[in-house]
Amino acid sequence: MSLSCCFIDTSALFKRYIDETGSDKMDSLFESDALLIISNLTVVEFVSNLKRLADIDRLISNEVYEIIKSAFFHDIAKGRVRVEPVSSTHIVASIDIINEKYVTPIDSIQLATLINLKKSFPDISFVCSDKKLCNLAESAGIKVIHVG
Numbered sequence: 000m001s002l003s004c005c006f007i008d009t010s011a012l013f014k015r016y017i018d019e020t021g022s023d024k025m026d027s028l029f030e031s032d033a034l035l036i037i038s039n040l041t042v043v044e045f046v047s048n049l050k051r052l053a054d055i056d057r058l059i060s061n062e063v064y065e066i067i068k069s070a071f072f073h074d075i076a077k078g079r080v081r082v083e084p085v086s087s088t089h090i091v092a093s094i095d096i097i098n099e100k101y102v103t104p105i106d107s108i109q110l111a112t113l114i115n116l117k118k119s120f121p122d123i124s125f126v127c128s129d130k131k132l133c134n135l136a137e138s139a140g141i142k143v144i145h146v147g
């Protein structure tokens with residue numbers, strides 16, 4: 000993939016660490032020289048969903064949970080993934096998004112963060128596996144890479 004900047008949603012980020020449909024696309028993305036960005040909300044959502052897989056769904060062991068969580072934080076620590084802080088500006092913009100069409104709070108904040116990032120990175124792509132969220136990003140004029 001020859002991309003300069005990508006904002007990654009939690010739905011797609013999981014495919015980096017858990018082998019499922021779309022994991023090959025995420026592997027290629029992480030091997031590219033693209034700037035990869037997530038929000039700090041993604042960090043919390045990722046860890047929470049991962050813990051749910053261990054504690055509630057019992058699809059992974061606690062050991063696997065720790066291994067995946069460590070790999071995720073390693074990618075952040077080594078600078079492979081940049082974490083964009085969610086600000087009050089993003090929160091206000093997310094309410095505007097919700098006023099236009101129902102979107103979950105987390106998705107509206109992610110979308111508002113992405114739209115704000117587009118000001119600094121006009122060629123930014125949105126990497127996501129959630130079709131509804133992909134459609135919303137496309138309607139905002141953002142290139143989407145669906146990894147579903």
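Using numbering that gives the first Met the number 0, read the sequence shown as starting at 0 and increasing by one per residue. Glycine included, C-beta positions come from ideal geometry on N, C-alpha and C. Here the structure is a predicted model, which means the values were calculated and not measured.
- Between the alpha carbons of Val-63 and Met-25 lies a gap of roughly 19 Å.
- The beta carbons of Ile-7 and Ile-36 sit about 7 Å from each other, so the pair counts as a contact at 8 Å.
- Rounded to the nearest whole angstrom, the CA to CA distance from Val-82 to His-73 is 13 Å.
- Leaving aside the five residues that flank Asn-39 on each side, the residues in its chain whose CB is nearer than 8 Å to its CB run, in chain order, Val-82, Glu-83, Pro-84, Val-85.
- Note: Lys-142 is bridge-paired with Ser-124 in the DSSP secondary-structure output.
- Between Ala-139 and Ile-114, the gap from beta carbon to beta carbon is short of 8 Å.
- By the CB criterion at 8 Å, Lys-142 and Ser-128 fall outside the cutoff.
- Between the beta-carbon of Thr-9 and that of Glu-44 there is about 5 Å, and that keeps the pair under the 8 Å contact cut.
- Take the alpha-carbon of Leu-49 and the one of Ala-11: they are about 13 Å apart.
- The straight-line gap separating the alpha-carbon atoms of Ala-53 and Ile-59 is approximately 5 Å.
- Closest in alpha carbon position to Asp-122, among Arg-15, Ile-97, Leu-132, Ala-33, is Ala-33.
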